[in-house]
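To start, the structure itself, in structure tokens.
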Amino acid sequence: TIIGLLAWEALDSRGKPTVGCEVRLDGGATGRAAVPSGASTGRHEARELRDGEARYAGNGVRLAVANVTGEIADAVRGCDATDQATLDGLLRDLDGTPDLRRLGANAVLAVSVAAALAGAAARAVPLYRAVADEGAAPLLPLPMVNIISGGAHSGRSIDVQDFLAVPVGARSFAEAIEWASRVRAGAAEELTGRGLPVALVADEGGLGPLLPTNRAALDVLVAGIQRAGLRPGDDVAIAIDVAATQFVRADGRYVLATENRELTADGLVDELAAWCASYPIVSLEDALAEDDWAGWRIATQRLAGRQLLGDDLFVTNPDRLDRGIGEQVANAVLVKPNQIGTLDTARSVVRRAHAAGYATVLSARSGETEDDWLADLAVGWRTGQIKVGSTTRSERTAKWNRLLRLEAELDEHAEYAGGAALAQVNG
Ligand code: PGA
Ligand code: ZN
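Take 5 as the starting number for the sequence shown in UniProt numbering and just add one per residue.
Here it is in structure tokens:
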């Protein structure tokens, strides 16, 4: 039973304020969480509450913190922390808005996650067990690892936001991470060979080179895989997060600023299809903008046989996912708990997706914290895939390291999703 909440203004990995929260239970158990924050956020995401004063350039979260220790604490005192659905329902009702803008999605999610951790501690089970369905075995996810960043995570050095390594041929999670780390080193070597600086890292720990075209980034990634002594496609495939919402214009045209080109939705899909023909791309995220349903339908047909992953499109929102399933748009959903604000609703999105044959990728944000609960959610919810950034920067490695530990601990009982996680959507 919850007896009290503590909250504070913490910092995320970009040095921006975020909400930290501790939930205290009557038996003495506690749970602590700080929430992440995006840079390329979708218009339909739940709303963070920020102070908008001079402190931290308007990004302070003292109002959200006050909501946790005031109104939310009053409402959840006496609640059962192990009953996530009831607690999260109460938090949503208390806020009263669909996007949690009144209390702040940052305030609500901090309580939701800290309560889950406190409830797990009270039951003396790890979080991945506490969030799993009765009888469901833990599943270690296939990682999607950021190697090169562009877009909003790297000063718009390239249009496409994310070029990722997917170690589809690795037989264990540990091997997958080792391969990804080698690919990152190989890509850095390749850039150095091209006379490009690699000392600075982008928001998610990847390389942020200035390249003349988006294809050049794909070339560097393929060269990185080869320099790592691995086979592009068979050992390590490629995923991209186009994050097209970031470069769509009001008239529906897409502007590739790096290449000084302007494309229709159709033209962008042609371009992506051409990349798919030249490079071993197995997954495309946000290939079209968040409200370009017509463009998305074209992409889903023309790029069939690859994972078509909706991030800004679905924003972990059950209603938007239902629309996508109904209109046969995309075939996979990115799941970011802070896009929707409560663990229980994020959980329901994973369930709906699986029921419809859509793949799921649990994802961190570009502004992260040193917390590692995301790793447990992937394992307990059996999402099959996870994306938390590169193999450098501690807010990224916190999640990889938790998964590495779980694989070691589960030992021969460790089931690893591997490349098969993509099989259901890849032709
Ligand atoms: P964000 O980026 O956290 O800045 O939104 C992550 C993503 O687009 O997948
Ligand atoms: Zn994305």
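Even glycine gets a Cβ: it sits at the ideal position worked out from N, Cα and C.
- In the assembly as shown, S282 is an exposed residue. Its beta-carbon has fewer than 16 other beta-carbons within 10 Å.
- Cβ-Cβ distances below 8 Å link Q332 to R301, T304 in the same chain, with the five nearest sequence neighbours on each side left out; the list follows chain order.
- The alpha-carbon separation between Y258 and N342 amounts to approximately 27 Å.
- Taking the C-beta atoms as reference points, A111 is found nearer than 9 Å to V65.
- Counting only residues whose CB is nearer than 7 Å to a non-hydrogen atom of the ligand ZN, the list in chain order is S44, Q165, D166, D245, A247, E289, D290, D315, D316, L338.
- If you look at V286, you'll find it in the beta strand (DSSP E) that goes 285 to 289.
- Taking C-beta atoms under 8 Å as the contact rule, A221 and V164 qualify, at a distance of about 7 Å.
- Judged by DSSP secondary structure, R59 falls outside any beta strand (DSSP E); it is assigned neither H nor E.
- DSSP links E26 through a beta bridge to L10, R36.
- In the DSSP assignment, I162 falls outside any beta strand (DSSP E), carrying neither H nor E.
- Around the beta carbon of H417, fewer than 16 other beta carbons lie within 10 angstroms, which makes this residue exposed.
- In the three-state reduction of the DSSP assignment, Q389 falls in the strand class.
- Closest in alpha carbon position to A363, among D375, R306, G388, is G388.
- Here DSSP, grouped into helix, strand and coil, assigns Y132 to helix.
- Under the three-state reduction of DSSP, E331 is assigned to coil, being neither helix nor strand.
- Residue burial is scored here from C-beta neighbours: R186 has at least 16 other C-beta atoms within 10 angstroms and is therefore classed as buried.
- Excluding five sequence positions before and after A277, the CB atoms of its chain that fall closer than 7 Å to its own CB belong to R306, L307, given in chain order.
- Between T373 and T22, the C-beta gap is smaller than 9 Å, which places the two residues in contact.
- The Cβ atoms of A336 and V252 do not sit closer than 9 Å to each other.
- Contact annotation: A191 and R231 have beta-carbon atoms nearer than 9 Å.
- A direct Cα-to-Cα measurement between S176 and E75 gives close to 46 Å.
- When the alpha-carbon of D78 is set against those of Q88, A89, L98, the nearest one is in L98.
- L131 is positioned such that its CB atom lies no closer than 9 Å to that of S116.
- It is roughly 44 Å from the alpha-carbon of D87 to the alpha-carbon of A254.
- As for any beta strand (DSSP E) of minimum length 3 sitting wholly inside the segment 237 to 295, the runs are 241 to 245, 258 to 260, 265 to 267, 285 to 289, ordered along the chain.
- Residues V205, G209 of the same chain have their beta carbon placed closer than 7 Å to that of T396, with the five preceding and five following residues left out of the count.
- In the three-state reduction of the DSSP assignment, N150 falls in the strand class, which pools E and B.
- Take the alpha-carbon of G82 and the one of I7: they are about 6 Å apart.
- For V117, the enclosing alpha helix (DSSP H) has its first and last residue at 109 to 126.
- For A134, the shortest C-beta to heavy atom distance toward the ligand PGA is 8 Å or greater.
- By the 16-neighbour rule on beta-carbons within 10 angstroms, N321 is buried.
- If you draw a straight line from the Cα of A120 to the Cα of V129, it is about 11 Å long.
- Linking L215 to V392 through their CA atoms gives a straight-line distance of about 24 Å.
- Exclusion of G190 from the 8 Å shell around the ligand PGA follows from its C-beta lying no nearer than that to any non-hydrogen atom of the ligand.
- The C-beta of P284 has 16 or more other C-beta atoms within 10 Å across all chains shown, which makes the residue buried.
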